[in-house]
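Worksheet: one structure, shown below.
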């Protein structure tokens with residue numbers, strides 16, 4: 530299975546390797562109180578509702594690491 534920022538957040542958090550990548554760039558994302566609401570959406574979509582916490586720069590860095598898997 531390949532991963533990217535278009536992968537569902539829930540799938541990324543369910544995989545230990547991809548979860549570690551998310552936590553590296555977005556510390557605390559896996560334990561955020563509202564994270565359950567976003568698990569069914571792509572990370573790129575969740576970023577739009579993050580209030581600027583997930584920037585385009587961060588998405589690019591995360592996507593590069595996910596794509597390299």
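In the numbering used here, the protein residues as written are 530 to 598.
Glycine included, each C-beta is placed from N, C-alpha and C at the ideal position.
Please read these numbers as outputs of a predicted model, since none were measured by experiment.
**Message:** Check whether the region 567-577 and the region 531-547 are in contact - that is, three or more C-beta pairs closer than 8 Å.
**Reply:** yes
**Request:** May I ask which residues mark the beginning and end of the alpha helix (DSSP H) holding residue 564?
**Result:** 564-567
**Message:** Pop quiz: residue 538 and residue 568 are said to be a contact at Cβ under 8 Å. What is the actual Cβ separation, rounded to whole angstroms?
**Reply:** 5 Å
**Request:** Determine which residues share a DSSP beta bridge with residue 537 and list them.
**Result:** 571
**Request:** Would you mind stating whether residue 547 and residue 555 have Cβ atoms separated by less than 8 Å?
**Result:** no
**Prompt:** Can you tell which of 545, 577, 543 and 550 has its C-alpha closest to the C-alpha of residue 591?
**Reply:** 550
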